[in-house]
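Visitor: Taken in order, these protein sequences are the chains called V and W. Residues in the first sequence are numbered consecutively from 22, following the numbering used here. Residues in the second sequence are numbered consecutively from 3, following the numbering used here. Please read through the structure below; I'll follow up with questions.
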Amino acid sequence: MYNLIGAGLIVIGAGIGLGQIGGKAMEGIARQPEAAGKISTNMIIIAALLEGLAFGALFLGK
Amino acid sequence: MKNKATKYRHIFAILVLAFLTTFVSYANTDPQEGGIVDTKSEVEAYILHHIKDSHDFSLFSYSDSEGERHHFGFPLPVIVKTSQGIVTFMSSAFHHDDNGHVLVEKEGLNLVKLHGKIYELSQGAQEVAFDEAHHPINATQTLDLSITKSVMGILMIGLLLLLAFSSLARQYRTKQVPTGFGRVLEPLVIYVRDEIARPNIGEKKYRKFTGYLLTVFFFIWSLNLVGLTPLGFNVTGQLAVTAALAVLTLVIYTASGNKDYWLHILWMPGVPYLLRPVLAIIELAGALVIKPFSLLVRLFANISAGHIVVMSLIAIMFTLRETLGVVGATSLSFVLSFFITLIEVLVAFLQAYIFTMLSALFIGMAVAEHDHH
């Protein structure tokens with residue numbers, strides 16, 4: 022029961038984080054379309070780091 | 003122009019056929035009709051069994067009208083180190099038993115398979131005995147060196163990659179532009195070199211590490227893709243495999259770390275002296291534990307979760323058969339699993355890309371040269 026609540030909290034946190042990353046990256050690309058490649062590469066790296074954290078927490082809480 | 007369109011139509015037809023085969027071979031795992039079976043728990047058991055590694059290669063199985071189970075596939079060699087030395091036999095000796103009922107007698111030892119692990123019964127015992135927590139009490143686990151399904155997948159993909167890339171490499175001796183399958187591989191190799199290795203490691207040192215990054219990229223990508231076929235491999239969803247890959251990256255960036263890298267970890271310049279030991283602990287944990295751990299858990303969790311989602315959606319056709327009818331449940335399951343499988347094809351690439359990219363990033367951090375002001 023508690024681990025399910027924990028999993029829900031993790032997903033909420035990861036969702037907020039991914040939203041922030043994606044949203045800011047989109048804003049950045051809209052401001053500077055010529056930097057789109059660099060921005061999206063960095064976006065994927067940061068999203069991957071966040072995902073690693075979230076998966077780690079899910080994995081430990083299982 | 004017309005010719006080209008026909009060509010593409012053929013490719014499309016092959017893709018659809020391949021997908022339908024997946025569908026049919028999963029569908030064949032239908033629990034036996036008529037008997038009182040809890041479909042949901044059977045589906046769950048099947049998915050969990052698929053996620054794990056196994057000692058035999060089985061495509062599908064079904065029960066006939068007499069309730070007898072038929073398996074399609076082939077056995078793989080079992081190699082275990084017991085108290086009497088190394089013992090080898092084919093996994094067919096267990097007759098698909100996974101609950102410790104079938105005894106295999108080798109070198110005066112009784113071996114049983116229990117939940118995918120091979121145990122050695124203690125002297126004189128003819129049956130596995132369990133304690134309350136369902137742990138065997140009269141059997142010890144053996145050191146398993148078997149050619150399991152995952153090991154077979156790794157060997158197969160390794161051989162294929164070796165053939166593909168050695169033929170590509172051989173072509174450059176005689177010509178500038180490769181022909182045939184090499185034309186597909188060349189842009190991918192250049193992509194990994196120019197978009198992953200070069201910007202992250204730096205112009206001076208990237209050549210040394212490109213070989214490792216290319217190997218890891220194609221290894222993970224092709225195994226991810228093989229995992230989506232009906233062959234039932236789940237190699238990159240095994241913790242042991244991803245852990246080994248992460249440890250390789252760890253060894254490479256730790257061994258190639260220069261003076262500046264270690265200085266920044268152990269005695270961070272530009273920070274008050276009192277803080278430096280604290281930072282050293284955090285940086286050491288980050289470099290030796292957290293970085294490889296995040297690499298291994300990310301790949302494992304993404305691929306396993308993908309497999310579970312695809313198989314659960316395919317299982318809709320059994321679990322919702324009563325509520326939606328056969329046609330309704332099957333079409334719902336088809337549509338959902340079709341699109342999720344397409345997303346999984348993207349994830350297969352993305353995870354290989356991220357693993358390679360982060361490996362390159364970590365290596366780049368370790369070999370970066372700092373100019374001191």
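Where is the CB? At the ideal position from N, CA and C, for every residue including glycine.
(1) Which whole runs of the beta strand (DSSP E) in the region 56–138 of chain W are 3 residues long or more, in chain order?
(2) Quick check on E72 of chain V - is its C-beta less than 8 Å from some C-beta in chain W?
(3) Between which two residues does the beta strand (DSSP E) harbouring T142 of chain W extend?
(4) Using a Cβ-Cβ cutoff of less than 7 Å, which residues in the same chain neighbour G311 of chain W once the five nearest sequence positions on both sides are dropped?
(5) Quick one: using the 10 Å Cβ neighbour count with 16 as the cut-off for buried, is Q128 of chain W buried or exposed?
(6) Might you give, ordered along the chain, the residues of its own chain that have their beta carbon closer than 7 Å to the beta carbon of T321 of chain W, omitting 5 neighbours on each side?
(7) Using a beta-carbon distance below 8 Å, is L79 of chain V in contact with chain W?
(8) Could you pull out every residue in the same chain whose Cβ sits closer than 6 Å to the Cβ of S124 of chain W, ignoring the five residues on either side in sequence?
(9) Along the alpha helix (DSSP H) that carries V237 of chain W, what are the first and last residues, could you check?
(10) Cβ closer than 8 Å: which chain V residues qualify as neighbours of F219 of chain W?
(11) Applying a beta-carbon distance threshold of less than 8 Å, which residues of chain W neighbour I66 of chain V?
(12) Determine, using beta carbons only, whether A69 of chain V comes closer than 8 Å to chain W.
(13) What separation, rounded to the nearest whole angstrom, lies between the Cα atoms of A350 of chain W and F357 of chain W?
(14) Determine, using beta-carbon pairs with one atom in the region 50–70 of chain W and one in the region 146–154 of chain W, whether at least three such pairs fall under 8 Å.
(15) For the putative contact between L187 of chain W and F167 of chain W, defined by C-beta atoms under 8 Å, what is the C-beta separation to the nearest angstrom?
(16) P271 of chain W: buried (16+ other C-beta within 10 angstroms of its C-beta) or exposed?
(17) Report the neighbours of S314 of chain W on chain V: residues whose CB is nearer than 7 Å to its CB, in chain order.
(18) In chain V, what lies closer than 7 Å to F295 of chain W by C-beta?
(19) Suppose contacts are defined by Cβ-Cβ distances below 8 Å. Is V130 of chain W in contact with G102 of chain W by that definition?
(20) By a C-beta neighbour count over all protein chains shown, 10 Å radius and 16 as the cutoff for buried, is T332 of chain W buried or exposed?
(21) Taking only three categories from DSSP, how would you classify D40 of chain W?
(22) Between V299 of chain W and chain V, is the shortest Cβ-Cβ distance under 8 Å, so that the two count as touching?
(23) Would you mind stating whether K115 of chain W and F96 of chain W have Cβ atoms separated by less than 8 Å?
(24) Of all Cβ atoms in chain V, is any one closer than 8 Å to the Cβ of A289 of chain W?
(25) Only counting the same chain, and skipping five residues up and downstream in sequence, which positions put a Cβ closer than 8 Å to that of R200 of chain W?
(26) Can you tell me the Cα-Cα spacing of R172 of chain W and I192 of chain W, whole angstroms?
(27) Got a sec: is the Cβ-Cβ distance from A171 of chain W to anything in chain V below 8 Å?
(28) Using a Cβ-Cβ cut-off of 6 Å (strictly less than) and excluding sequence neighbours within five positions of A287 of chain W, which residues of its own chain qualify?
(29) Leaving out five residues before and five after D133 of chain W in sequence, what residues of the same chain have Cβ atoms less than 6 Å from its Cβ?
(30) Check the Cβ of A303 of chain W against every Cβ in chain V and list those closer than 8 Å, keeping chain order.
(31) Nearest by alpha-carbon distance to K371 of chain W: which of W:Y121, W:S224, W:I203 is it?
(32) Just confirm the distance between the C-beta atoms of S93 of chain W and L105 of chain W, as a whole number of angstroms; I'd bet it's less than 8 Å.
(33) Distance check for M319 of chain W and G330 of chain W, CA to CA, integer angstroms please.
Guide: According to the structure shown:
(1) Listed in chain order, they are 58–65, 71–77, 79–84, 87–92, 106–108, 111–116, 119–123.
(2) Taking the first residue of the first sequence as position 1, residue 72 of chain V is located at position 51. Interface annotation, E72 of chain V: in contact with chain W, CB-CB separation under 8 Å.
(3) Here residue 142 of chain W corresponds to residue number 140 of the second sequence, with the count starting at 1. First-last of the beta strand (DSSP E) with T142 of chain W: 141–143.
(4) Counted from its first residue, the second sequence places residue 311 of chain W at position 309. The displayed chain sequence assigns Val, not Gly, to residue 311 of chain W. Around V311 of chain W: I342.
(5) Sequence index remark: in the second sequence, residue 128 of chain W carries index 126 (1-based). Of the residues assessed, Q128 of chain W falls on the exposed side of the cut-off, its CB having fewer than 16 other CB atoms within 10 angstroms.
(6) Taking the second sequence and counting its residues from 1, the one referred to as residue 321 of chain W is at position 319. Taken in chain order, the residues that qualify are T41, K42, V45.
(7) Counting from 1 along the first sequence, the entry for residue 79 of chain V is found at position 58. It does: the Cβ of L79 of chain V has a partner Cβ on chain W nearer than 8 Å.
(8) By one-based count along the second sequence, residue 124 of chain W stands at place 122. Within its own chain, the residues whose Cβ lies closer than 6 Å to the Cβ of S124 of chain W, once the five positions on either side in sequence are excluded, are N140, listed in chain order.
(9) Looking up residue 237 of chain W in the second sequence gives position 235. Premise fails: V237 of chain W is in no alpha helix (DSSP H) and is neither H nor E.
(10) As a position in the second sequence, residue 219 of chain W is number 217, starting the count at 1. The contact set of F219 of chain W on chain V, defined by CB atoms closer than 8 Å, is empty, because the minimum CB distance reaches about 15 Å.
(11) Within the first sequence, the letter at position 45 stands for residue 66 of chain V. Those within 8 Å of I66 of chain V in chain W are I356, M359, L360, L363.
(12) Counted from its first residue, the first sequence places residue 69 of chain V at position 48. Under the Cβ criterion of 8 Å, A69 of chain V is counted among the residues facing chain W.
(13) As a first step, residue 350 of chain W is located in the second sequence; it is residue number 348 there, counting from the start. As a first step, residue 357 of chain W is located in the second sequence; it is residue number 355 there, counting from the start. The alpha-carbon atoms of A350 of chain W and F357 of chain W are separated by roughly 11 Å.
(14) With a cut-off of 8 Å, the region 146–154 of chain W and the region 50–70 of chain W count as touching, because enough Cβ pairs lie within range.
(15) Here residue 187 of chain W corresponds to residue number 185 of the second sequence, with the count starting at 1. Here residue 167 of chain W corresponds to residue number 165 of the second sequence, with the count starting at 1. With a Cβ gap of about 7 Å, L187 of chain W and F167 of chain W count as contacting.
(16) Start at 1 with the first residue of the second sequence, and residue 271 of chain W comes out as number 269. Looking at its Cβ environment, which holds fewer than 16 other Cβ atoms inside 10 Å, P271 of chain W is exposed.
(17) Working through the second sequence from its first residue, we reach residue 314 of chain W at position 312. Against S314 of chain W, chain V offers no close residue; the least beta-carbon distance is about 16 Å (beta-carbon pairs closer than 7 Å).
(18) Walking along the second sequence from the start, residue 295 of chain W turns up at place 293. Those are G77, listed as they occur along chain V.
(19) Along the second sequence, one-based indexing puts residue 130 of chain W at 128. Along the second sequence, one-based indexing puts residue 102 of chain W at 100. A contact, by the Cβ cut-off of 8 Å.
(20) For the purposes of this step, residue 332 of chain W is taken as residue 330 along the second sequence, with counting starting at 1. Classification for T332 of chain W: buried.
(21) As a working mapping, residue 40 of chain W is identified with position 38 in the second sequence. Three-state result, D40 of chain W: coil.
(22) Mapped onto the second sequence, residue 299 of chain W falls at position 297. Interface annotation, V299 of chain W: in contact with chain V, CB-CB separation under 8 Å.
(23) Taking the second sequence and counting its residues from 1, one reaches residue 115 of chain W at position 113. Taking the second sequence and counting its residues from 1, one reaches residue 96 of chain W at position 94. Using a Cβ distance threshold of 8 Å, K115 of chain W and F96 of chain W count as a contacting pair.
(24) In the second sequence, counting from the first residue as 1, residue 289 of chain W sits at position 287. No, no contact with chain V.
(25) Your numbering for residue 200 of chain W matches position 198 in the second sequence. The residues are Y208.
(26) Position 170 of the second sequence, counted from the start, is the residue given in the question as residue 172 of chain W. Position 190 of the second sequence, counted from the start, is the residue given in the question as residue 192 of chain W. Rounded to whole angstroms, R172 of chain W to I192 of chain W spans 17 Å at the Cα level.
(27) Taking the second sequence and counting its residues from 1, one reaches residue 171 of chain W at position 169. With 8 Å as the cut-off, A171 of chain W does not count as an interface residue toward chain V.
(28) Here residue 287 of chain W refers to the residue found at position 285 when the second sequence is read from its first residue. Taken in chain order, the list of residues that qualify is empty.
(29) Position 131 of the second sequence holds residue 133 of chain W. These residues qualify, in order along the chain: I139.
(30) In the second sequence, counting from the first residue as 1, residue 303 of chain W sits at position 301. Against chain V, the beta carbon of A303 of chain W has neighbours under 8 Å at F76, L79, F80, listed in chain order.
(31) What you label residue 371 of chain W is simply residue 369 of the second sequence in a count that begins at 1. Correcting the residue identity first, residue 371 of chain W is Glu in this sequence and not Lys. Out of W:Y121, W:S224, W:I203, W:I203 has the C-alpha closest to the C-alpha of E371 of chain W.
(32) Position 91 of the second sequence, counting from 1, holds the residue named residue 93 of chain W. Position 103 of the second sequence, counting from 1, holds the residue named residue 105 of chain W. By a beta-carbon distance limit of 8 Å, S93 of chain W does not contact L105 of chain W. Their separation comes to about 14 Å.
(33) Stepping through the second sequence from its first residue, residue 330 of chain W is reached at position 328. Stepping through the second sequence from its first residue, residue 319 of chain W is reached at position 317. So the alpha carbons of these two residues sit roughly 8 Å apart.
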